[in-house]
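Undergrad: Residue numbers (the working numbering): 43 to 330.
Just so you know, even glycine gets a beta-carbon here, dropped at the ideal spot from N, CA and C.
I have a structure I would like to understand better, so I am pasting it below and will then ask my questions one at a time.
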């Protein structure tokens with residue numbers, strides 16, 4: 043933009059701007075160094091039916107293939123004047139980045155490139171315990187959890203190394219909670235009924251750098267019941283009914299989630315949090 047245009051460029055009423063995403067014929071292969079180590083314990087003599095495992099993982103990807111957020115490209119062009127970034131900003135005659143929808147409309151080029159690197163590490167936890175309850179069937183408990191130690195990235199060689207663990211937005215894109223787990227229990231009764239319940243937990247995340255909006259931790263309770271009559275005469279029929287998100291938790295909502303690239307959906311992030319609230323389901327399955 044010119045000096046005369048500065049501060050006078052028309053803003054998009056929708057807060058949206060044109061960007062080009064996609065492949066790049068100049069990409070080179072990624073290179074990765076991975077390390078994992080783990081242990082599994084099944085103390086049958088002490089606690090029959092118990093299995094516990096712990097796995098540590100460390101992954102480093104060099105020349106990683108990714109796209110750089112348009113917001114980051116514009117900011118770096120303005121802050122540093124680096125032609126690597128400024129060449130990707132294609133403004134209209136009046137300096138805008140949003141008027142028009144053709145391939146030649148003003149835009150920010152955010153196609154895939156070989157960035158600096160990704161480096162991430164963490165620990166996976168697993169536990170399973172099952173036991174017979176005599177005349178009352180069997181009970182099984184399962185736990186799965188992941189602790190994210192770090193998620194470091196360098197968007198361009200020589201750029202600042204950023205740790206996105208527990209962060210979202212801007213160059214960190216989607217949320218990366220530091221802890222999440224799922225604890226489930228199943229009771230298989232002797233009356234052709236199976237009861238199941240689970241507790242899902244996702245730790246909170248903060249907006250990277252700006253810290254304008256923090257999403258707190260979320261906990262979800264799910265429950266279901268299955269019944270196999272055993273007298274239909276056409277094989278095994280199973281009826282199921284359940285409820286997901288029993289407490290009807292609302293997802294974190296913020297306009298800042300609109301900056302989380304394709305992972306966002308305007309004001310929240312489906313897949314990370316339950317967006318439908320509480321809902322009931324019913325199912326029938328048939329084995330012949």
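In the DSSP output, what is residue 98 paired with across the bridge?
TA: The partner list for residue 98 (beta bridge, DSSP) reads 79, 165.
Undergrad: Which same chain residues, not among the five before or five after residue 189, have their C-beta less than 7 Å away from its C-beta?
TA: So the qualifying residues of the chain are 164, 165, 220, 221.
Undergrad: Give the range of the beta strand (DSSP E) segment to which residue 279 is assigned.
TA: Here the beta strand (DSSP E) through residue 279 covers 278-286.
Undergrad: Consult DSSP for residue 262 and reduce its assignment to one of helix, strand or coil.
TA: Residue 262: strand per DSSP, three-state reduction.
Undergrad: Where does residue 278 land, buried or exposed, given buried means 16+ other C-beta within 10 angstroms?
TA: Under this definition residue 278 is an exposed residue.
Undergrad: Does the beta-carbon of residue 197 have 16 or more other beta-carbons within 10 angstroms, so that it is buried, or is it exposed?
TA: Classification of residue 197: buried, given that the 10 Å Cβ count is 16 or more.
Undergrad: For residue 256, which residues in the same chain have their Cβ closer than 8 Å to its Cβ, ignoring the five residues on either side in sequence?
TA: Excluding residues within five positions, the ones whose Cβ falls inside 8 Å are 246, 247, 248, 249.
Undergrad: Just reading off the alpha helix (DSSP H) that residue 113 is part of, what are its end residues?
TA: Unbroken alpha helix (DSSP H) run through residue 113: 112-122.
Undergrad: Could you pull out every residue in the same chain whose Cβ sits closer than 8 Å to the Cβ of residue 321, ignoring the five residues on either side in sequence?
TA: Within the same chain, residue 321 has close Cβ partners 285, 286, 287.
Undergrad: Could you please give the first and the last residue of the uninterrupted beta strand (DSSP E) stretch that includes residue 295?
TA: Neither: residue 295 is in no beta strand (DSSP E) and is coded neither H nor E.
Undergrad: Who are the Cβ neighbours of residue 262 in its own chain at under 7 Å, not counting the five residues just before and after it?
TA: Taken in chain order, the residues that qualify are 242, 287, 291, 316.
Undergrad: So residue 126 is in the alpha helix (DSSP H); what residue range does that whole segment cover?
TA: Its alpha helix (DSSP H) spans residues 125-128.
Undergrad: Considering residue 230, what are the terminal residues of the beta strand (DSSP E) in which it resides?
TA: Run containing residue 230: 221-230, per the beta strand (DSSP E) assignment.
Undergrad: Quick test of your reading: residue 324 and residue 283, contact by CB under 8 Å. State the CB separation rounded to the nearest angstrom.
TA: Confirmed, Cβ separation roughly 5 Å.
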